[in-house]
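**Q** Before I ask anything, let me first share the structure, which is written out below as structure tokens.
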Amino acid sequence: MLILNENGPERWPAFRKLGFRFSFIFILSFILVFNNGTYPLYGYISSPLNHFMQKLTPWFAENILAYSYDHSIFINGSGDTSYAWISLLILFLLALVGAALWSILDRKRANYRILFYWLTTAIRYYVAFMLINYGLIKVFYMQMQPPRLTQLLQPLGEYSPMGLAWTYIGYSQGYNILIGSIEILSGLLLFRKMMVLGALITVATSINIMAVNYFYDVPVKMVSTALLLFSIFLLLPYLKA
């Protein structure tokens, strides 16, 4: 069990404190920006942040990266748009700057055990709600649906890798229910005493999702990679123990 005491005898080394500061800023900003509208009513809260990113990202792309692209569409079913990748780069750079400033202003802190607890709590809820959302739409056969007649008549060679994967998985309702139910088990992360089991399940689930996304070129690689890395992050203290 985590003891919430920042003034205890444990003193983190400088590199660990620096790594935590960066991780804290980067992970929380990622959760705020890339949540796929999973959280109920969160859109009303995140609207100012999204509006800010919709102004900053095109400006950064054009003036800093000298990269022009069609940035008129900010949100769609894909997480791997130019807008999303450039936004991720911005969050990464802001986290670097923020961690540096934080290190200057808070050099005497012994450790960040309390903030680490709240960071893992945010990650637990993020991973759980994201995978529960994906699991439910699979269980109710709403994401990968059975192939239509036009798809069945289409020559196999004309399928994109993603189209082939979607048709293959969508053919079986039972398989959708199975993998959706496993994804819903990520809800164990919502219970602190079940966190390790939940994280182990989400690691396995996220690896499967990542494999499909990478090897069948499904454009949701960013979020699926984050789900895996966040799940591993939750397990790190226990792996060390």
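Under the numbering used here, read the sequence shown as residues 114 to 354, first letter to last.
Ideal Cβ positions, reconstructed from N, Cα and C, are used throughout, including at glycine.
#1: Please specify which runs of the alpha helix (DSSP H), each continuous and at least 4 residues long, are wholly inside the segment 251-299, giving them in chain order.
#2: Are the beta-carbon atoms of Asn-326 and Ser-337 separated by less than 7 Å?
#3: Where Ser-200 and Asp-193 are concerned, what is the direct C-alpha to C-alpha distance, given to the nearest angstrom?
#4: Can you give the beta carbon distance from Leu-302 to Val-240, rounded, assuming they're within the 8 Å contact cut?
#5: With a 10 Å radius around its C-beta and 16 neighbouring C-beta atoms as the bar for buried, classify Phe-328 as buried or exposed.
#6: Just curious, the alpha helix (DSSP H) that Pro-308 is in, first and last residue?
#7: DSSP three-state label for Lys-130, please.
#8: Output the distance between the C-alpha atoms of Thr-280 and Gly-270, rounded to the nearest integer angstrom.
#9: Taking a contact to mean a Cβ-Cβ separation below 7 Å, would you say Ile-314 touches Gly-248 in this structure?
#10: Compare the beta carbon distance of Tyr-272 and Val-309 with 7 Å and say whether it is the shorter of the two.
#11: Which residues in the same chain as Ala-339 place their Cβ atom closer than 8 Å to its Cβ, once the five residues preceding and following it in sequence are excluded?
#12: Kindly list the residues whose CB is nearer than 8 Å to the CB of Ile-138, restricted to its own chain and excluding five residues on each side of it in sequence; keep chain order.
#13: Taking the C-alpha atoms as reference points, what is the distance between Leu-347 and Ser-159?
#14: Is it true that the segment 123-131 meets the segment 161-179, where meeting means three or more beta-carbon pairs spaced less than 8 Å apart?
#15: Once DSSP output is grouped into helix, strand and coil, what is the label at Lys-221?
#16: Does Val-333 come out as helix, strand or coil in the three-state DSSP assignment?
#17: Between Ile-236 and Phe-304, is the Cβ-Cβ spacing less than 7 Å?
#18: Identify, in the order they occur along the chain, each residue of the same chain with its Cβ nearer than 7 Å to the Cβ of Leu-228, setting aside the five sequence neighbours on each side.
#19: Just the C-alpha distance for Thr-263 and Gly-276, rounded to the nearest angstrom, thanks.
#20: I need the straight-line Cα distance from Ile-245 to Ser-299, nearest angstrom please.
#21: Return helix, strand or coil for Trp-198, following the three-state DSSP convention.
#22: In whole angstroms, give me the CA-to-CA distance for Ile-282 and Met-335.
#23: Look at the Cβ atom of Tyr-254, then the Cβ atom of Gln-286, and state whether they are nearer than 7 Å.
#24: Going by DSSP in three states, Leu-341 sits in which element: helix, strand or coil?
#25: On a CA-only basis, which of Lys-221, Ala-324, Ala-179 and Arg-134 is nearest Pro-274? Give me that one, please.
#26: Leaving out five residues before and five after Ser-319 in sequence, what residues of the same chain have Cβ atoms less than 7 Å from its Cβ?
**A** In brief:
#1: Those alpha helix (DSSP H) runs which fall completely within the segment 251-299 and span 4+ residues are 262-266, 274-283 and 286-297.
#2: On the sequence shown, residue 326 is found 213 positions in, with the first residue counted as 1. On the sequence shown, residue 337 is found 224 positions in, with the first residue counted as 1. Yes, the pair counts as a contact, with Cβ atoms nearer than the cut-off.
#3: Counting from one through the sequence shown, the residue named residue 200 turns up at place 87. Counting from one through the sequence shown, the residue named residue 193 turns up at place 80. If you take the alpha carbons of Ser-200 and Asp-193, they lie about 11 Å apart.
#4: Here residue 302 refers to the residue found at position 189 when the sequence shown is read from its first residue. Here residue 240 refers to the residue found at position 127 when the sequence shown is read from its first residue. Between the beta-carbon of Leu-302 and that of Val-240 there is about 6 Å, and that keeps the pair under the 8 Å contact cut.
#5: Here residue 328 refers to the residue found at position 215 of the sequence shown. Residue burial is scored here from C-beta neighbours: Phe-328 has fewer than 16 other C-beta atoms within 10 angstroms and is therefore classed as exposed.
#6: Here the question's residue 308 lines up with position 195 in the sequence shown. Before going on, a small fix: residue 308 reads as Met here, not Pro. 308-328 is the extent of the alpha helix (DSSP H) around Met-308.
#7: Translated into positions along the sequence shown, residue 130 becomes position 17. Helix, per DSSP.
#8: Reading the sequence shown from its first residue, position 167 is the one you call residue 280. Reading the sequence shown from its first residue, position 157 is the one you call residue 270. If you take the alpha carbons of Thr-280 and Gly-270, they lie about 13 Å apart.
#9: Within the sequence shown, numbered from 1, the residue matching residue 314 stands at position 201. Within the sequence shown, numbered from 1, the residue matching residue 248 stands at position 135. For the 7 Å CB-CB criterion, Ile-314 and Gly-248 do not form a contact.
#10: The residue you call residue 272 lines up with position 159 of the sequence shown. The residue you call residue 309 lines up with position 196 of the sequence shown. Judged by their CB atoms, Tyr-272 and Val-309 are not nearer to each other than the 7 Å cut-off.
#11: For the purposes of this step, residue 339 is identified with residue 226 of the sequence shown, where counting begins at 1. Around Ala-339: Phe-143 and Phe-147.
#12: In the sequence shown, counting from the first residue as 1, residue 138 sits at position 25. Around Ile-138: Leu-207, Ala-208, Gly-211, Ala-212 and Trp-215.
#13: The residue given as residue 347 occupies position 234 in the sequence shown. The residue given as residue 159 occupies position 46 in the sequence shown. Each residue's alpha carbon lies about 25 Å from the other.
#14: Output reads no: the segment 161-179 does not touch the segment 123-131.
#15: Taking the sequence shown and counting its residues from 1, the one referred to as residue 221 is at position 108. DSSP, reduced to helix, strand and coil, places Lys-221 outside both helices and strands of the structure shown, so it counts as coil.
#16: Looking up residue 333 in the sequence shown gives position 220. In the three-state reduction of the DSSP assignment, Val-333 falls in the coil class.
#17: Here the question's residue 236 lines up with position 123 in the sequence shown. Here the question's residue 304 lines up with position 191 in the sequence shown. In this structure, Ile-236 lies away from Phe-304, with their beta-carbon atoms at least 7 Å apart.
#18: For this step, residue 228 is matched to residue 115 along the sequence shown. Answer for Leu-228: Phe-137, listed in chain order.
#19: Mapped onto the sequence shown, residue 263 falls at position 150. Mapped onto the sequence shown, residue 276 falls at position 163. When rounded, the separation of the alpha-carbon atoms in Thr-263 and Gly-276 is 13 Å.
#20: The residue labelled residue 245 in the question sits at position 132 within the sequence shown. The residue labelled residue 299 in the question sits at position 186 within the sequence shown. About 7 Å.
#21: One-based indexing of the sequence shown puts residue 198 at position 85. Looking at Trp-198 - three-state DSSP - the assignment turns out to be helix.
#22: Residue 282 sits at position 169 when you count from the first residue of the sequence shown. Residue 335 sits at position 222 when you count from the first residue of the sequence shown. Each residue's alpha carbon lies about 21 Å from the other.
#23: Taking the sequence shown and counting its residues from 1, the one referred to as residue 254 is at position 141. Taking the sequence shown and counting its residues from 1, the one referred to as residue 286 is at position 173. Between Tyr-254 and Gln-286, the CB-CB gap stays under 7 Å.
#24: Numbered from its first residue, the sequence shown carries residue 341 at position 228. Helix.
#25: Here residue 274 refers to the residue found at position 161 of the sequence shown. Comparing Cα positions, the closest option is Ala-324.
#26: The sequence position of residue 319 within the sequence shown is 206, counting from 1. Within the same chain, Ser-319 has close Cβ partners Ser-337, Leu-340, Leu-341 and Ser-344.
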